[in-house]
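If you count the sequence shown from 1, you need to add 39 to reach the working numbering.
Note that CB positions come from ideal geometry on N, CA and C, so glycine has one too.
The structure presented is a predicted model; accordingly, all values stated were derived computationally and were not measured.
For reference, the structure is listed below as structure tokens.
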Amino acid sequence: MIKPDGLSGNYADEIKNAILESGFIILREMTVRLDEDTAGKFYAEHSSRSFFPALVKYMTSGPVLVMVLEKINAVADWRALIGPTDAQKAKVTHPHSFFAGFLIVSALIFSIRAMCGQDLEKNCVHGSDSPQSAEREISFFFEEFSSGIYAFQGLSEFWGGMVPIVGVRSMTGSVVCIQCCVTMEVVPACLA
């Protein structure tokens with residue numbers, strides 16, 4: 040999720056470039072404006088913490104861009120790419136903070152939070168802390184992912200990436216069903 044400061048600071052394109060350069064696929068994305076109730080539900084695990092009211096206020100201060108990212112080891116790799124929660128710490132530990140399209144992003148030297156975050160609260164992006172949290176957080180915004188199984192389409196890596204495929208994959212990344220096709224239409228028959 041790109042938080043309000045990331046969108047208001049016009050960092051969305053740079054962040055999305057960093058995501059793609061790091062080998063992620065953006066499966067879905069949606070810009071939304073959270074109200075207090077929705078932000079409170081999304082961050083419910085922090086409701087007893089002293090920073091919760093400020094977090095809700097911040098998350099409702101502007102639109103956010105929620106995304107579903109896919110990659111092997113996606114949660115850990117995303118956490119490495121975004122860097123430490125405190126953007127000030129990220130600027131010290133991950134100092135190469137300005138993304139260039141030719142730069143191959145390395146989690147050891149680059150973090151999104153160092154690039155565009157300000158502090159512990161205004162840190163530009165959110166990242167799930169576990170695969171279980173990712174599944175819950177993805178289905179919070181994207182109902183089609185609520186069953187833990189979703190349809191995908193693309194080009195097969197076999198045969199030189201030239202064969203269109205569709206299939207069904209679980210949230211853990213294992214392929215449940217896949218078939219080659221010519222039309223690139225998602226076929227729900229695999230769910231049976």
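- About 17 Å separates the beta carbons of residue 73 and residue 107, which is beyond the 8 Å limit, so they are not a contact pair.
- The DSSP-derived three-state label of residue 99 is coil.
- In this structure the stretch 88-95 does not lie against the stretch 50-59, because fewer than three pairs of beta carbons, one per stretch, are closer than 8 Å.
- Taking C-beta atoms as the reference points, residue 151 and residue 164 count as a pair closer than 7 Å.
- With three or more CB-CB distances shorter than 8 Å, the stretch 107-116 counts as touching the stretch 160-174.
- Beta-bridge analysis with DSSP links residue 182 to no other residue.
- If the five residues before and after residue 64 are omitted, its C-beta is found closer than 6 Å to the C-beta atoms of 109, all from its own chain and listed in chain order.
- Taking all protein chains shown into account, residue 69 has fewer than 16 neighbouring C-beta atoms within 10 Å of its C-beta and is therefore exposed.
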